[in-house]
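Novice: Sharing a structure here in structure tokens format.
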Amino acid sequence: MASRFTDCYSEKQSGPISGYWKYPLVSLKDALAPVSSKVNGLDRDIQEAYDHCHFPSEHGLTKDESAAVFLYTSEAGEYSFYAVLNRALRDEERRKITSWFSYLKLFDTALEKLPTVKGCIWRGVPQNVSQDYVEGTVITWWSVNSCSSVVKVVEDFLSSNDDSTLFMIEAANGKKLTGYTTYPNEKEVLLKMGTKLHVKSNVMKHGKLYLIHLLEIDNNNQVGIPATTIAAPSISSSSPASAAAASYLQPKPLNKTIHR
């Protein structure tokens, strides 16, 4: 089953996406008019977002801003809005993304108003991409990335029979979406486009699951919270992801103990 938590991709180190913040704020419908031909059933999706988005918002989001978030998190397999947007964000030909700038301005404005998450979040990819994450390097995720504060949520979208990759991410500027999607139990946290990440470790393999430890680099080019502040996830005998993560987070001899 396709999911924004495991949206499969190859992140290439392209140039930055800049200039969208100069665009004026407009309605969701007007913001997406330039890309209406690129997303199947977009008019109906926009109306659903207006009808079901979280509004009034205790965080001060306008209805259009809340609908922009709801639309991004809607699932429709390969035809999902987020899948089309992220393909555009990953395209090396940056001029192709300009038609999305009005939406990006609206979406980014909404995210800035949501609570910030600093802590351990999880994301998965249904294949082995460990070769792309060299320990000690810094990589940039140009797309928008859905993560969860609960490892089991991500694991449910990964196959235990095939190679897969689990990212353990120490977030510095994640955005909490709880209450703004139709999936409250997924405890979704969003990493904004252009997030920079330091590859802390790429050494754990648990069966067919590869675990990669990433640290988000904040706006001041500082690496995120210390790993010793992260609590290990609850372990289930039928949960390879939880077992791998908990094993990685076990206290090591001569190192500081992880507070649980």
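Sequence positions in the sequence shown follow UniProt numbering and run 1 to 260. Glycine included, every Cβ here is placed at the ideal spot set by N, Cα and C.
Take A67 as the anchor and find which of A76, F55 and E78 has the nearest alpha-carbon.
Specialist: The shortest Cα separation from A67 among A76, F55 and E78 belongs to F55.
Novice: Going straight from the alpha carbon of A227 to that of I169, what length do you get?
Specialist: A caution first: A227 carries a pLDDT of 44, below 50, which makes its placement in the model unreliable, though a value can still be read off. Approximately 10 Å, taken between the alpha carbons.
Novice: Can you give the Cα-Cα distance for T137 and G174, rounded to whole angstroms?
Specialist: If I take the Cα positions, the gap works out to 21 Å.
Novice: Tell me the rounded alpha-carbon separation between residue 264 and N185.
Specialist: Coverage of the chain is limited to positions 1 through 260, which leaves residue 264 absent and any answer about it impossible.
Novice: Am I right that L28 and I46 are in contact with their C-beta atoms under 8 Å? What's the rounded C-beta distance?
Specialist: Going by Cβ atoms, the distance from L28 to I46 rounds to 6 Å, so yes, they are a contact pair.
Novice: The beta strand (DSSP E) with K176 in it runs from where to where?
Specialist: It spans S164 to K176 - the beta strand (DSSP E) in which K176 sits, taken as one unbroken run.
Novice: How would you label G15, buried or exposed, when you count the other beta carbons within 10 angstroms and need 16 or more for buried?
Specialist: By the 10 Å Cβ count, G15 comes out exposed.
Novice: Measure from the alpha carbon of T178 to the alpha carbon of each residue in E155, V150 and E92, then state which is nearest.
Specialist: Per the Cα distances, V150.
Novice: Considering only residues of the same chain and omitting the five flanking positions on each side of S57, which have a CB-CB separation below 7 Å?
Specialist: Around S57: S66.
Novice: Excluding the 5 residues flanking Y210 on each side, which residues of the same chain have their C-beta closer than 6 Å to its C-beta?
Specialist: Taken in chain order, the residues that qualify are N128, S130 and T165.
Novice: Our contact map puts M193 next to V144 with C-beta atoms below 8 Å; I'd like the distance itself, whole angstroms only.
Specialist: 5 Å between Cβ atoms; contact.
Novice: Sorted by chain position, which residues of the same chain lie with C-beta nearer than 7 Å to S148's C-beta, five sequence neighbours on each side aside?
Specialist: Here the set comprises F5, I121, W122, V154, E186, K187, E188 and V189.
Novice: In this structure, what does DSSP give as the bridge partners for H59?
Specialist: H59 pairs with nothing; no bridge assigned.
Novice: Indicate the three-state DSSP secondary structure (helix, strand or coil) for H54 in the structure shown.
Specialist: Correct three-state label for H54: coil.
Novice: Could you tell me if Y82 is buried or exposed, where buried requires 16 or more neighbouring beta carbons within 10 angstroms of its beta carbon?
Specialist: So Y82 counts as buried.
Novice: Should G124 be labelled buried (16 or more other beta-carbon atoms within 10 Å of its own) or exposed?
Specialist: That one is buried.
Novice: Given this structure, state the Cα-to-Cα distance separating T195 from L25, to the nearest angstrom.
Specialist: C-alpha separation (whole angstroms): 23 Å.
Novice: Let me know if S80 comes out buried or exposed under the rule of 16 or more other beta-carbons within 10 Å of its beta-carbon.
Specialist: Buried, because 16 or more other Cβ atoms sit within 10 Å of the Cβ of S80.
Novice: Could you check how far apart the C-beta atoms of F70 and H59 are, in whole angstroms? I think they sit under 8 Å.
Specialist: Going by Cβ atoms, the distance from F70 to H59 rounds to 14 Å, so no, they are not a contact pair.
Novice: Given that a residue counts as buried once 16 or more other Cβ atoms are within 10 Å of its Cβ, and exposed if not, what is D162?
Specialist: Exposed.
Novice: With H, G and I counted as helix, E and B as strand and the rest as coil, what does DSSP make of I17?
Specialist: I17: coil per DSSP, three-state reduction.
Novice: Between the Cα of L89 and the Cα atoms of L215, W141, D64 and I217, which residue gives the shortest distance?
Specialist: Selected option, being the one with the closest Cα: W141.
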